[in-house]
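Here the structure comes first, spelled out in structure tokens, and everything after it is commentary.
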Amino acid sequence: MLTAVEVTFTCADGRVLAGDEFPVPEGVERLGTVVVASATAVKAGYYHRYAAFLAANGFDAVTFDYRGIGQSRGGSLRGQRIRWHEWGSLDIDAVLAWALARADGLPVHLVGHSFGGFGSGLAGRAAALSRILTVGAQHAYWRDLRIPGQAAHWGRSLVTLLLVGVFGYFPAKRLGLMEDLPAGVALDWARSRRDFTTAVKGPDREALLAHLAAVTAPLLALAPDDDSFATIPAMERAVAYTPNSPARIIHLRPEDYGEASLGHFALFHSRYRDTFWEQTLGWLKDGSWTG
1 MLTAVEVTFT CADGRVLAGD EFPVPEGVER LGTVVVASAT AVKAGYYHRY
51 AAFLAANGFD AVTFDYRGIG QSRGGSLRGQ RIRWHEWGSL DIDAVLAWAL
101 ARADGLPVHL VGHSFGGFGS GLAGRAAALS RILTVGAQHA YWRDLRIPGQ
151 AAHWGRSLVT LLLVGVFGYF PAKRLGLMED LPAGVALDWA RSRRDFTTAV
201 KGPDREALLA HLAAVTAPLL ALAPDDDSFA TIPAMERAVA YTPNSPARII
251 HLRPEDYGEA SLGHFALFHS RYRDTFWEQT LGWLKDGSWT G
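Just so we're aligned: the sequence shown equals residues 1 to 291 in the UniProt record's numbering.
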């Protein structure tokens, strides 16, 4: 795997995030930059192999941890006032600013997984993106889930509310899950609304709406058809937030990848290097999708 360079990104509110840049190796034509935005509660390291693949194929790739996560945790999560939308409006925005400043006139694209795909539109600088590719992007609104999943979601939400009340954050690691979540992010997830932007009020909401409306990059929204979170209604809801971005939704069949199931997380695993990863490369290069 290509060697990454550690980088930092300073957000508009002064918070500093940690990340990694995978530069295009010498001898490979540089085609642009791809910012890779993570799913909720997933460390950026999960996407490093994919980022290295992009770099080997001509795209400088940038990964990063959101505030409160991984290398950007910032100490104890108790008392940290972090909201879910800030991962887009502040964190993704800061990384895009960094990438755009170093683009040298080449396009900057974004690949976003789960919230990373949805949250990209909340960033003011998303208006400067050339292409957006999302995988399983949605914001966990319960009515978009299939009927069996709705009850499970409410159960998870209740547990989240209780544990945040006890610990002051969501202790995912204690439960054998992924990364711990700041209280505000966990509560926003548990209470996710039909209209995500109504979780904030006044000028902050107006700013989010303006950012979403300013996105014009072509958007390809993908998810396996057995993804319990990114159902067709959830994906349609997500792309509707950026009405000026021409969007295409594709549900992927696990059997086309030699699998009985793919779910919400599998596609960034390196075993899909010669299949799904190559497909995403075509989209990033020229907007084509084969499959």
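We put the beta carbon where it would ideally sit given N, CA and C, even for glycine.
Given the structure is predicted, the values throughout are model-derived calculations rather than measurements.
Beta-bridge analysis with DSSP links Thr63 to Asp20 and Val36. With a beta-carbon spacing of about 6 angstroms, Ile132 and Ser120 fall inside the 8 angstroms limit used to define contacts. Take the alpha-carbon of Asn57 and the one of Met235: they are about 29 angstroms apart.
Rounded to the nearest angstrom, the gap between the Cα atoms of Phe268 and Met1 is 15 angstroms. Taking one beta carbon from each stretch, the region 147–164 and the region 58–67 have fewer than 3 pairs nearer than 8 angstroms; the two do not touch. Note that the C-beta distance between Ala51 and Thr63 is below 8 angstroms. Pairwise C-beta distances place the region 101–118 in contact with the region 130–149, as three or more of them are shorter than 8 angstroms. With respect to the 8 angstroms criterion, Val7 and Asp20 are classified as neighbours on the basis of their beta carbons. Within the region 121–162, the complete beta strand (DSSP E) segments at least 3 residues long are 131–135, listed from N- to C-terminus. The alpha-carbon separation between Trp289 and Ala247 amounts to approximately 13 angstroms. Contact check for Arg78 and Gly168: beta-carbon distance about 4 angstroms, within the 8 angstroms limit, so the pair qualifies.
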